[in-house]
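There are 2 protein chains.
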Amino acid sequence: MKRDVFQAIADPTRRAIIALVAIQAMTPNAIAAHFDTSRQAVSKHLRILTECELVQQEQRGREIYYSLEIHKMKEIDDWLEQYRKIWEKRFDQLGELLEVMKEKKV
Amino acid sequence: MKRDVFQAIADPTRRAIIALVAIQAMTPNAIAAHFDTSRQAVSKHLRILTECELVQQEQRGREIYYSLEIHKMKEIDDWLEQYRKIWEKRFDQLGELLEVMKEKKV
DNA sequence: GACACGTGCAACCGTTTGGTTGCATAATGT
DNA sequence: ACATTATGCAACCAAACGGTTGCACGTGTC
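As structure tokens, this is what we get:
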């Protein structure tokens with residue numbers, strides 16, 4: 003089953019995990035300590051995040067450190083780009099509107 | 003059941019609908035013509051998109067025109083902001099690295 | 001070697017999701 | 001008035017999701 007980034011960030015727990023490993027690499031156990039779910043549930047989330055390459059593993063002894071793969075987050079940003087153009091355009095139009103209003107002294 | 007924006011954009015069909023209504027306001031029928039699912043399925047997606055205020059309805063006679071609520075897309079952008087800082091920082095560090103490499107003529 | 005620790009995986013389970021079909025309702029055209 | 005069109009809603013269904021528990025496996029520690 004193929005998962006994409008958007009599905010990965012849909013779950014609030016996964017977004018929280020992303021926020022955690024963005025700051026520093028963490029082990030599943032350490033991550034699970036932040037939630038009131040089981041370690042295995044967190045492990046499942048990490049599996050999904052790994053599958054769509056949002057996080058990276060690094061084995062150190064018997065511990066595995068997970069860290070954020072930031073370029074995948076940029077992928078979301080790239081998708082947003084097309085819409086950013088729209089809201090910036092709207093903002094420009096607002097600027098124009100304000101200009102017109104100023105000229106007409108409304 | 004409360005739905006958030008991230009769950010709304012998780013579905014590929016919904017992202018396609020967003021892309022459609024971003025260009026111009028469209029009726030459910032017109033939107034459904036772009037997909038090989040039933041009109042009712044599209045209607046369900048529109049319901050979800052409306053619930054989390056990603057699209058806007060405008061009744062015109064017996065037709066309902068749906069259009070994108072662009073400020074909600076900006077909400078996703080706001081969430082991304084914290085991570086944008088990270089990848090821009092990485093980019094800066096890459097710049098520094100390149101500087102060092104140039105100085106040392108590696 | 002024996003044991004505890006850190007982790008992933010499989011099996012199971014209730015809930016949600018995304019789809020279908022059928023129907024009700026309101027606006028339009030004849 | 002009557003048929004047609006545009007739409008939403010309810011009921012149903014298979015598949016996926018997110019969680020649990022139990023277990024297996026590799027790694028350190030004694």
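In order, the protein sequence lines correspond to chains A and B. In terms of the working numbering, the first sequence opens at residue 3 and continues consecutively. In terms of the working numbering, the second sequence opens at residue 3 and continues consecutively. C-beta: ideal position from N, C-alpha, C; glycine also.
N-terminal and C-terminal residue of the beta strand (DSSP E) that residue i is part of
i	result
B/I66	E65 to L70
A/R62	V57 to R62
Chain A contact for residue i (CB, 7 Å cutoff)
i	result
B/L82	yes
B/K46	no
B/A12	yes
B/F37	no
B/V108	Any reading at B/V108 must be qualified, since the residue scores a pLDDT of 46, below 50, and its modelled position is unreliable; no value is offered.
B/K76	yes
B/Y68	no
Range covered by the alpha helix (DSSP H) that runs through residue i
i	result
A/D25	Correcting the residue identity first, residue 25 of chain A is Ile in this sequence and not Asp. Here the alpha helix (DSSP H) through A/I25 covers P14 to I25.
A/A34	P30 to A34
A/R49	R41 to E53
B/F8	V7 to A10
Any C-beta of chain B under 7 Å from that of residue i
i	result
A/M28	no
A/F8	yes
A/I25	no
A/D94	no
Residue burial classification, residue i (beta-carbon count within 10 angstroms, cutoff 16)
i	result
A/P14	exposed
B/V102	exposed
A/K4	exposed
A/A10	buried
Reference residue i, options the options, closest by Cα
i	options	result
A/A18	A/R5, A/D6, A/L51 and A/Q42	A/L51
B/D6	B/E90, B/Q42 and B/W81	B/W81
A/Y68	A/T39, A/Y85, A/S45 and A/E90	A/S45
A/I88	B/I88, B/K76, B/R86 and B/Y85	B/K76
A/A27	A/Y85, A/D79 and A/R62	A/R62
Cβ separation of residue i and residue j, assumed to be a contact under 8 Å, to the nearest whole Å
i	j	result
B/T29	B/I72	Contact doesn't hold; Cβ gap of about 20 Å is too wide.
B/L56	B/I20	7 Å
A/A12	A/L70	Their Cβ separation, rounded to whole angstroms, is 17 Å, which puts A/A12 and A/L70 out of contact at 8 Å.
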